[in-house]
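Chains as they are written, first to last, in the numbering used here: chain C, 1 to 196; chain B, 1 to 196; chain S, 1 to 196; chain Z, 1 to 196. Idealized CB from N, CA, C, for every residue including glycine. Values in this document were obtained by computation on a predicted structure and should not be read as measured data. In what follows, a structure is listed as structure tokens, so that the remarks can point back to it.
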DNA sequence: TATTAAGCGAGACGGTACGTCTTGTCTTGGA
DNA sequence: TCCAAGACAAGACGTACCGTCTCGCTTAATA
């Protein structure tokens, strides 16, 4: 009963200082020189950390940057509430585009690129980024149905694909900006019938 | 007059055999081992070609694969004609998805990834791939307006972003397949009001 | 003055089990994989011992193997007695060569090599191995002088250098074997005039 | 007959500058910091040369230093001629010891050590160093037989082992110097009967 | 009998070097 | 002038050990 609970982990505990230095440095280099200029060697050098320490905890530079990004962007996009779907979607898109235009967008682009030739990272990225970011949007659309702003039989998964797809397309192909006009145009096209 | 006609450029002319061998080998390696396993070194080795010969004519491995892809896929997607926009768009999407599911999709994914960390290639890719592929779709949508299947004030550029965006999103994030159901769902969502 | 006199060693005494496991494992790895495949890391792993435990008690892997070797070869070469110098030297050399041909030779070679780039170990090796092994031979030669088998003014230190030198030379250069023929030939050359 | 002889090697020829820089740097580092402080990485760094260039031409750092040593010590020990064996051997040993005491000795020691845990290098070292250096001595001893300074049935191979062995023993064990006294003592012990 | 200091295993840490790989350039001789 | 061949400087890759450190747990002598 009063028997002490045995600590599971033995040995020297993981250094949080090293961990944080690695994450910070990785993000800093990525922002400064771009993701393709990021090397494990470079992180180790600038973070003042041994290479094996990096390899011990991360499988690839993609995962480091991803974790750093998640950590920094702890604050989730606030889900617009108590708005019409029209208003809510517009708010959602504008907040999304604003965030992406602050430099975060370049990192996100790089991570999507990385996922294309690293299947392990692709799985992580899909599960921890793509899927998670879809949830608020799906919730928004679902509420739209509940509220009667959308037909009950609307395929909201595909609708989310159209919305997020448009964002990714412009983010990656860079043929046009992610601006307020784009947000308005998307809303207008997807939620056309604005019944009085 | 038995003097040989000197071509404008002197010296040995460019070897078409070498050129073709490079393109073929690059495509073959990409299909076999994936784009990230493709190296200039490897192309030179397998094509029996000197590395400088490759560097003389292409700036990056992205451009080689891109050129090889363009060459192979000479035959453009045939623009559906004399159909309703609904029918036409569905046909267009199904043909597109079918093509992407044959292995071409993986190469296209890799090229989009490559464009994310090679600005020079990104420009080429945007101009010679993204933009060009948009034209038939824009034409289709434009015809839709003409035919009265779409309101005259429809922003067809953004509509094209929604359509192609959905494709790229699923192609890159791999969270759901590019299949006939998806094509149908897109059409249903974007061209909802089917009068008469 | 009431200050207590602290015993020199307080706390938990050194674990003999760990000590012996380290020595045994080191010798075993050296015999199995060779001295250059021996690592502190490897000893710790196979002996089920922490690395600091090794570093606490030994300065280098050379010293571990040396101690293990000394421990195993506790039984010294028996000094031949009551023989002529000729007979005694021959017996001595044959016993020496036989020992070296059992696998001990490889370890001894490695230790001599180690001494070449570790001055601390070199001092230990010279004092505890080289010098100690010379004593029986010097005794033998000294007895030879006493018995009249050697001239009284013979420089037995240099004579010992010639004898042990020949052994080391063949052991290290491996250009010829350490066999009975070699022992006979050495004796014949160094103690030529066998007067009646 | 007048058919041109085709050059066997195509491509860019080996850079003699790089080759020499590597050899020079390797020798310099070895002399400055010792052989065990010599690393391929360090040679590349100081010589301003790529690592693969080193690995392309040498299998190990032992071989680099060995080649550098051979190149520097092009001038062979001059074989003493027209001397009695006594005089000749003394001259030979004194020249040998003098050379070894100039810093060459430390390098030679390291190479012998290296040969103990690198079988490939050991073969090279035995063939290109040990064996080659034995030849002049064997010649000297052979001439001694011819001249009548040695019995005709003298086993000169073993005699050479005794002589070179004594040198190696003192060089490696460092228990006594390689000086003129040692040379004299060796000669006195091995060539005792100096008739008239 | 309780305290306590040292030893113990485990294992993370900052480093360094390894040997390999690819990059983009340069330098040949042959076509 | 272009080509193949291939050497070059550069530098990142991921791994293996190094020697040090920090843990929590024994363990036996001391008080």
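Among the residues of the region 20-37 of chain B, those with a Cβ less than 9 Å away from any Cβ of chain C are 34, 35, 36, 37, in the order of the chain.
When Z:92, Z:41, Z:94, Z:104 are compared, the shortest CA-CA separation from residue 72 of chain Z is found for Z:104. Looking from the CA of residue 175 of chain B, the closest CA among C:161, C:170, C:184, C:167 belongs to C:161. The C-alpha of residue 173 of chain B is placed about 6 Å away from the C-alpha of residue 126 of chain C. Residue state for residue 112 of chain B is assigned as helix, using DSSP reduced to three classes. Annotation for residue 68 of chain S: the continuous alpha helix (DSSP H) segment containing it runs 61-72. Nearest in C-alpha terms to residue 33 of chain C, of all of C:110, C:170, C:66, is C:110. Excluding the 5 residues flanking it on each side, residue 93 of chain S has same chain C-beta neighbours closer than 6 Å at 183, in chain order. Taking 8 Å as the CB threshold, residue 124 of chain S stays off the interface with chain Z. Residue state for residue 14 of chain C is assigned as coil, using DSSP reduced to three classes. Counting along the chain, residue 45 of chain S sits inside the alpha helix (DSSP H) bounded by residues 40-47. Taking residue 65 of chain Z as the centre and dropping the five residues before and after it, the same chain places the C-beta of 26, 30 closer than 6 Å to its C-beta, in chain order. Between residue 147 of chain B and residue 90 of chain B, the beta carbon gap of about 15 Å keeps them out of contact (Cβ cut-off 8 Å). Only residues of its own chain outside the window of five on either side were considered, and among them 122 have a CB closer than 8 Å to the CB of residue 116 of chain B, listed in chain order. Each residue's CA atom was taken as its position, placing residue 98 of chain Z and residue 98 of chain S some 35 Å apart. Chain C places no beta carbon closer than 8 Å to that of residue 143 of chain B, leaving this residue out of the contacts. Between the alpha carbons of residue 181 of chain B and residue 88 of chain C lies a distance of about 28 Å. Around the beta carbon of residue 132 of chain S, a 10 Å sphere encloses fewer than 16 other beta carbons of the protein chains shown; the residue is thus reported as exposed. Note that the C-beta distance between residue 69 of chain Z and residue 130 of chain Z is not below 8 Å.
Residue-level contact check: residue 161 of chain C touches chain B, since one or more beta carbons of chain B fall below 8 Å from its beta carbon.
Just measuring C-alpha positions, the residue of Z:57, Z:185, Z:157 sitting nearest residue 13 of chain Z is Z:57. A Cβ-Cβ distance of about 18 Å is found for the pair residue 24 of chain B and residue 60 of chain B, leaving them out of contact under the 8 Å criterion. By alpha-carbon distance to residue 171 of chain C, the top candidate from B:44, B:165, B:138 is B:165. Inter-residue distance for residue 134 of chain C and residue 28 of chain S is about 59 Å (C-alpha atoms, whole angstroms).
Between the alpha carbons of residue 50 of chain C and residue 19 of chain C lies a distance of about 11 Å. The Cβ-Cβ distance between residue 163 of chain Z and residue 152 of chain Z does not fall below 8 Å. Spanning the alpha carbons of residue 63 of chain Z and residue 113 of chain S requires a straight line of approximately 17 Å. Put simply, the CB of residue 109 of chain S is near chain Z, with a gap under 8 Å to one of its CB atoms. Residue 81 of chain Z sits exposed, since fewer than 16 C-beta atoms from the chains shown fall within 10 Å of its C-beta. Distance from the CA atom of residue 149 of chain B to the CA atom of residue 150 of chain C, rounded to whole angstroms, is 22 Å. Residue 137 of chain Z and residue 138 of chain S have their C-alpha atoms spaced approximately 28 Å apart. Rounded to the nearest whole angstrom, the C-alpha separation of residue 158 of chain S and residue 42 of chain C is 59 Å. Closest in C-alpha terms to residue 100 of chain B, from the list B:143, B:142, B:178, comes B:178.
In the three-state scheme derived from DSSP, where H, G and I count as helix and E and B as strand, residue 83 of chain C is classed as coil. Chain-ordered, the chain B residues with CB closer than 8 Å to the CB of residue 174 of chain C read 122, 126. Residue 113 of chain B reaches chain C at 113, 116, 117, counting residues in chain order whose Cβ is nearer than 7 Å.
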